[in-house]
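First residue of the sequence shown: 1, per the numbering used here; consecutive thereafter. Beta carbons are placed, not taken as given, at the ideal position from N, Cα and C, and that holds for glycine. Remarks on the structure that follows.
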Amino acid sequence: MIDPTLPRCAWATANDPTMQAYHDTEWGVPEHDDTKLFEMLTLEGAQAGLSWRTVLMRRDAYREAYHGFDIPRVAAMTDAELEALIAGSGLIRNRLKIYSVRENAKAALAIAGSLDGLLWSMVTPVRNRWANPSEVPATTPESDRMSKTLRKAGFRFVGSTICYAFMQATGMVDDHLTTCFCHRP
């Protein structure tokens with residue numbers, strides 16, 4: 001049960017139970033499952049230029065469209081399947097973003113080892129102690145390095161800002177504000 005009265009990070013608004021639930025149960029929790037990491041990389045890429053709420057409200061549609069983020073199945077999707085996603089109404093209908101998911105799945109399959117191994121090898125997990133949302137950076141040297149590495153490996157929609165948001169979402173960096181009930185000292 002989500003308690004709307006608990007103090008949260010500023011972006012997890014008190015009047016949005018979906019955002020609160022995501023904040024309280026997922027955001028900043030270390031994730032090591034390749035499928036879930038691929039999902040978050042996809043959703044963070046879809047979010048570029050939009051609000052996180054816009055993407056989060058379409059999460060189920062993304063899961064359905066991309067076969068539960070099964071990496072081999074997504075890598076095998078045809079142009080016709082991707083075009084059908086563009087024509088549908090459940091996803092953010094940006095051709096480059098939709099096609100990038102298949103390219104990212106192919107890139108994930110081509111890496112040596114697991115997606116988890118690659119992504120976590122690029123970071124040293126950190127728990128920040130920000131008191132104010134204005135202190136939280138949009139990028140870091142680690143997100144710059146992750147972006148460059150992923151681009152070199154063939155991934156798309158993985159700029160440094162997207163990578164930092166991904167790092168926050170998957171617990172590679174814990175940016176819960178010190179005033180947030182999820183902050184761990």
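Nearest residue (CA-CA) to residue i, options the options
i, options, result
"residue 99", "141, 73, 174 and 83", "83"
"residue 92", "46, 183, 24 and 4", "46"
"residue 94", "119, 42, 137 and 12", "42"
"residue 39", "20, 18, 48 and 70", "70"
"residue 117", "67, 8, 35 and 180", "35"
"residue 102", "129, 89 and 74", "74"
"residue 62", "44, 156, 169 and 15", "44"
"residue 88", "105, 58, 114 and 120", "58"
"residue 156", "105, 30 and 15", "105"
"residue 142", "132, 163, 131 and 151", "163"
"residue 31", "51, 119, 8 and 60", "119"
"residue 183", "20, 28 and 15", "28"
"residue 53", "22, 76 and 26", "22"
"residue 60", "81, 90 and 78", "90"
"residue 126", "112, 185 and 25", "185"
"residue 109", "121, 150 and 15", "150"
Per DSSP, the bridge partner or partners of residue i
i, result
"residue 127", "174"
Contact check, residue i vs residue j, beta carbons under 7 Å
i, j, result
"residue 56", "residue 18", "yes"
"residue 65", "residue 85", "yes"
"residue 167", "residue 158", "no"
"residue 107", "residue 154", "yes"
"residue 136", "residue 175", "yes"
"residue 115", "residue 37", "yes"
"residue 131", "residue 178", "yes"
Whole-angstrom C-beta distance between residue j and residue i, which should lie under 8 Å
i, j, result
"residue 134", "residue 147", "No, residue 134 and residue 147 are not in contact; Cβ-Cβ is about 23 Å, not under 8 Å."
Completely contained beta strand (DSSP E) runs for the segment 2–30, where each covers 3 or more residues: Complete beta strand (DSSP E) runs here, min 3: none at all.
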